[in-house]
Every structure is written in structure tokens, then in C-alpha cells.
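Student: Here the sequence shown is numbered in this note's numbering, starting from 293 and rising by one per residue. Even glycine gets a Cβ: it sits at the ideal position worked out from N, Cα and C.
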Amino acid sequence: MDHRYYMKMAIEEAQNALLRGEFPVGCVLVHQGSVIATGARTGTAGTGVNEVDHAEITALRRLSEMTPKIDPKEIILYCTMEPCLMCFAALMLTGIRTVVYAYEDVMGGGTDCPLTELRPLYIERQINVVPHVLREESLALFKRFFKDPKNHYWQGSLLERYTLETR
């Protein structure tokens, strides 16, 4: 599987989010070489922040509406930023077993979560994580976001400082 090819599609979703003034997270779900659902972060532009509509959650909603149903174990999720704990738990519960991400979320990333220390529902849900695919391209989008004074989402946060200091 060419992870770079599909990550470029996730980056396109993130670029579109950035053009709308949103936090540049894009996501694609791939099944047997075909993109079956996409998502982009919403709810970060303006003053009313929505912490539910993450790119992964949007893509998972679209997946749940599909018929016929696809075995989630056969789906690979590509995302421009490491899934947060909320999204990572949703992926586990959905049954997706492979996650590929570009840029690490030093503030809220959930992929390092010690599954063996969680409740039984999660312990049995192992996920293969492939980090840093097209990391530099994704990092460039986050730098653009944080350098734009119109964007207030996570302004002054650890993530902003880390992103702007990372080369």
C-alpha cells in the first residue's frame, strides 16, 4: 500500500479546511485501494469552537451511513494529524485496525495510549499505527495556520509553540 498516495489526499482535505479558516486536519478512509469516506476539521473558525467535529469523526459518520457495510478491519485511516484520544477511541470501537498519520499531536495525541491499562472493551482492540507519513507537508499546513493572526484556535498552546519551533 502506498501510504504517501493516500496521505496526499488527506492533505488536500486539510488544505481545503485551512482555506475555510479551519484547523488543517484532513482524513481519508481507504478500503482495498479505494477512498470510501473523507473528512475535514470543522468548528474551529470564528468564536464558537466545536470540539466534536474532528476530521476522523466526520469520516466515521460517513462510513456508518454507507451500504453495504464494509468490514472495518479492512479499512486504513489516513490523517494529517495524529488522532486525539477521542478519535482514537472511536476508531477502536468502530473496528478500524490501521491508522496512518502525518504530524504528531504533542498536546492531545492518543496513539501512545497504553491499551493494556484500559478497560476490557479497549484492551482487545489493537491498532497498527504508522506515524510521520508526509510529516513535513502536514507540518507546513499547521505552521501556516498558527502564523495567521486571524486563527485563534489553540493560540498560545503547547501545540502552537511546538509547531512553530519545529523545523
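How many angstroms separate the CA atom of Ile368 from the CA atom of Lys435?
Tutor: Rounded to whole angstroms, Ile368 to Lys435 spans 26 Å at the Cα level.
Student: Considering just the uninterrupted stretch of the beta strand (DSSP E) at Ile419, what are its terminal residues?
Tutor: Note, Ile419: premise wrong, no beta strand (DSSP E); not H, not E.
Student: Would Arg333 be called buried (16 or more neighbouring beta carbons within 10 Å of its own) or exposed?
Tutor: Classification of Arg333: buried, given that the 10 Å Cβ count is 16 or more.
Student: What does Ile368 pair with, by DSSP beta-bridge criteria?
Tutor: Ile368 is bridged to Val322 and Thr390.
Student: Indicate whether the contact test is met: 3 or more Cβ pairs, each with one atom in the region 339 to 357 and one in the region 407 to 420, closer than 8 Å.
Tutor: Touching, no, given that fewer than three Cβ pairs across the two stretches are closer than 8 Å.
Student: With DSSP collapsed to three states, give me the class of Met301.
Tutor: In the structure shown, Met301 sits in a helix (DSSP, three-state: H, G or I).
Student: Drop a sphere of 10 angstroms on the beta-carbon of Thr359, count the other beta-carbons inside from all chains shown, and report buried for 16 or more, exposed for fewer.
Tutor: By the neighbour-count rule (16 or more Cβ atoms within 10 Å), Thr359 is not buried but exposed.
Student: At the level of alpha carbons, what is the spacing between Ile415 and Pro441?
Tutor: So the two alpha carbons sit approximately 42 Å from each other.
Student: Let's see if you can read the secondary structure: which residues bound the alpha helix (DSSP H) around Leu426?
Tutor: Premise fails: Leu426 is in no alpha helix (DSSP H) and is neither H nor E.
Student: Have a look at Val398, Gly400, Ile362 and Gly402 and flag the residue whose alpha-carbon is nearest the alpha-carbon of Ile388.
Tutor: Ranking Val398, Gly400, Ile362 and Gly402 by Cα distance to Ile388 puts Ile362 first.
Student: Going by DSSP in three states, Ala332 sits in which element: helix, strand or coil?
Tutor: Reduced to three states, the DSSP call for Ala332 is strand.
Student: Does the count of Cβ pairs from the region 414 to 431 and the region 440 to 454 closer than 8 Å reach three?
Tutor: Output reads no: the region 440 to 454 does not touch the region 414 to 431.
Student: Can you tell me which of His444, Glu348 and Met299 puts its alpha carbon nearest to the alpha carbon of Gly269?
Tutor: No answer is possible for residue 269: it lies beyond the span of the chain, which begins at 293 and ends at 459.
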